[in-house]
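Here is the structure we will look at.
Number of protein chains: 2
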Amino acid sequence: MKKILIIGIGAGNPEYVTIQAVNALNQVDVFFMMDKGPDKAKLNAFRKEICNRYIEGSDYRFVDADSPAWQRQPLDYAATIDGLNRDKRLVFERLIAEEMRDGECAGFLVWGDPTLYDSTIRIVEAIAKTGAHRIDYEVIPGISSIQALAARHKTTLNRIGQSIEVTTGRRLAEGFPNNVDSVVVMLDANDTYTRFADRDIDIYWGAYVGTEDEILVAGKLKEVVDEIERVRREARQRHGWIMDTYLLRKGVSGESDD
Amino acid sequence: MKKILIIGIGAGNPEYVTIQAVNALNQVDVFFMMDKGPDKAKLNAFRKEICNRYIEGSDYRFVDADSPAWQRQPLDYAATIDGLNRDKRLVFERLIAEEMRDGECAGFLVWGDPTLYDSTIRIVEAIAKTGAHRIDYEVIPGISSIQALAARHKTTLNRIGQSIEVTTGRRLAEGFPNNVDSVVVMLDANDTYTRFADRDIDIYWGAYVGTEDEILVAGKLKEVVDEIERVRREARQRHGWIMDTYLLRKGVSGESDD
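Following this line, the structure appears as structure tokens:
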């Protein structure tokens, strides 16, 4: 039997790691590193820092797998991700077959929370279902970038008794959801919030939240939209990559049902 | 200056506590305990166990504030919560004025994540805004019951590239949201999932998730709906209270866009 731990390590601050994750880290023999793209070096350095900080001893190893490349603006998003995940799955299967011995424990260190906008669970589940490898796996939740964003802005994600939609920039571009007043947007490469700048909406925006590079901007969207766009562009140039998230909340006119 | 730390302690498993929360716990002089209702004893015992487990030394105290009582099925939910929060705010202000000295640090230990369906941030912010008390506050995120649920079911909250709605039983009773395929339901006292048993929906249900009393049921809603209703009723009778959450996901007919 081979054991796989899918460990959420939180989004940004090394102190977001849970005690459960620390205990899980200490069980792992081999960490599979799957990142790609301009943030790869930064993310891998973060993962190594987490291991170094929280694992007692040094009885573990890293295997750096080249993650399949993919198009940034694919025409058919779901099909592309689907294909990407098939490729990833082949990589995972090779890692499981060749890079860990029977009885060993492997770890995937997932940025934020593995249950939110991350494919690791889905891929490992698919591999487990085939029965071709004798694997057992567990999921350890982590602090997501959404929670880090709200905590750093000292605000709640929901209005009292109201709903929240968690979505992507791609889906937000189809229109502001009409049945919720709070929308959390992840994975937005296209400044989609700018489309709603004429509405009465508050925005809580953050980049590199929880890290030493953290930038936070909040306010009436129409008043801060230009600032966010500028700050975001400058930060992406400076760092070579950006990881940002934001909460949009319908403004004061809806305050009466708060 | 008085410092207030709003600390998310995770939902259920004492190991969900983050390193950041552990460090915060160790700064606190006085913990304000606000619970009420049938789960009060259990929740307070959990908080005390967290403190006992993670705080070095015993240089801290608890103040047990009687939290205002409130109706379980109010006619006007928002107004009732509003009134409840006004009462709570008076209690908080008294605690801050009378139960902590200048230069001390107070802690609120919030079940799950303070940014999700919890009023502590909102109330402390309102008090801080009045300027009547010289307070500074911080929010420490925690693992929410939503994340615990998904992790224990080893599933993701979202389908690939799709949105998630986080909502309450009360709002779900108004109808299944038409623009998302994954709905996470909190605070449902009325088995609202039963209304959708004729549809092609998967459910991932859990009660007391992360604790030794954890119960998990997953499957096609129409096949497990009776089991969940029965298990839920029995568990509530046995424990005197229940804390459950569930994820509804539109079924295989939508599988093609996964």
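Here the protein sequences line up with chains A and B, keeping their order. Everything in the first sequence is counted per the numbering used here, starting at 1139 for the first residue and increasing by one. Everything in the second sequence is counted per the numbering used here, starting at 1139 for the first residue and increasing by one. For glycine and all other residues, C-beta sits at the position ideal for the given N, C-alpha and C.
One alpha carbon belongs to ALA1270 of chain A, the other to ILE1366 of chain A, and they sit about 49 Å apart. When only Cα atoms are considered, LYS1358 of chain B and ASN1328 of chain B end up about 20 Å apart. Following the DSSP letters along the chain, one finds ILE1284 of chain B inside the alpha helix (DSSP H) bounded by residues 1283–1290. When C-beta atoms of the segment 1304–1311 of chain B are compared with those of the segment 1295–1304 of chain A, three or more pairs fall below 8 Å, so the two segments count as touching.
DSSP places ILE1144 of chain A within a strand segment (E or B) once states are collapsed to three.
Counting only runs that start and end inside the segment 1234–1303 of chain B, the alpha helix (DSSP H) elements of at least 4 residues fall at 1258–1268 and 1283–1290. Within chain A, PRO1279 have C-beta atoms less than 9 Å from the C-beta of ALA1286 of chain B, given in sequence order.
Contacts between GLN1158 of chain A and chain B, judged by CB atoms closer than 8 Å, involve ASN1151, GLU1153 and TYR1154 in chain order.
With a cutoff of 8 Å on beta-carbon distance, ILE1145 of chain A and PHE1230 of chain A are scored as not near each other. Cβ proximity to chain B below 8 Å picks out ALA1286, ALA1288, ALA1289, ARG1290, LYS1292, THR1293, THR1294, LEU1295, ASN1296, ILE1298, GLY1299, GLN1300, SER1301, ILE1302, GLU1303, VAL1304, THR1305, THR1306, ARG1308 and ARG1309 from the segment 1286–1314 of chain A. The beta carbon of ASP1251 of chain B falls within 8 Å of a beta carbon belonging to chain A, placing the residue at that interface.
The closest CA to that of ARG1199 of chain A, considering only A:ASP1173, A:ARG1309 and A:GLU1242, is found on A:GLU1242. For VAL1166 of chain A, no Cβ of chain B is located within less than 8 Å of the residue's own Cβ. Each residue's CA atom was taken as its position, placing ARG1227 of chain A and ILE1219 of chain A some 12 Å apart. Any Cβ of chain B closer than 8 Å to the Cβ of ASN1328 of chain A would place that residue at the interface, and such an atom is absent. In this structure, DSSP gives LEU1385 of chain B an extended state, which the three-state scheme calls strand. Proximity of chain B to ASN1161 of chain A at the Cβ level (cut-off 7 Å) is accounted for by GLU1153, in chain order. Close partners of ARG1272 of chain A in chain B (Cβ separation under 8 Å) are lacking, with about 17 Å as the shortest Cβ gap. Counting the other Cβ atoms within 10 Å of the Cβ of ASN1223 of chain B gives 16 or more, which makes it buried. The beta carbons of PHE1334 of chain A and ALA1244 of chain A sit about 43 Å from each other, so the pair does not count as a contact at 8 Å. Approximately 5 Å separates the beta-carbon atoms of ALA1286 of chain A and GLY1348 of chain A; this is inside 8 Å, confirming the contact. Here LYS1388 of chain A is buried. Its C-beta has 16 or more other C-beta atoms within 10 Å. Looking at the DSSP output, TRP1343 of chain B sits in a beta bridge with B:VAL1355 and B:TYR1384. The residue from B:LYS1186, B:SER1282, B:ASP1202 and B:LEU1325 with its alpha-carbon nearest to that of PRO1252 of chain B is B:SER1282.
Residue B:ARG1232 holds the alpha-carbon nearest to the alpha-carbon of VAL1201 of chain B among B:GLU1194, B:ASN1190 and B:ARG1232.
Put simply, the CB of VAL1318 of chain A is near chain B, with a gap under 8 Å to one of its CB atoms.
Only residues of its own chain outside the window of five on either side were considered, and among them ASN1223 have a CB closer than 6 Å to the CB of SER1257 of chain B, listed in chain order.
DSSP places ASP1173 of chain B in the coil class of the three-state scheme, outside both helix and strand.
Residue contact with chain A for GLU1263 of chain B: present (Cβ-Cβ distance below 8 Å to some residue of chain A). For the pair of segments examined, the segment 1367–1382 of chain A was found not to touch the segment 1314–1322 of chain A: the number of CB pairs separated by less than 8 Å stays below three.
The residue among B:ASP1177, B:GLN1158 and B:ASP1167 with its C-alpha nearest the C-alpha of HIS1377 of chain B is B:ASP1177. For TYR1255 of chain A, the nearest CB of chain B lies under 8 Å from its own CB, placing it at the interface with that chain. The alpha-carbon separation between GLU1153 of chain B and ARG1272 of chain A amounts to approximately 28 Å. For TYR1384 of chain B, no chain A residue has a Cβ inside 9 Å of its Cβ, as the nearest lies near 14 Å away. For THR1349 of chain A, the three-state secondary structure derived from DSSP is coil.
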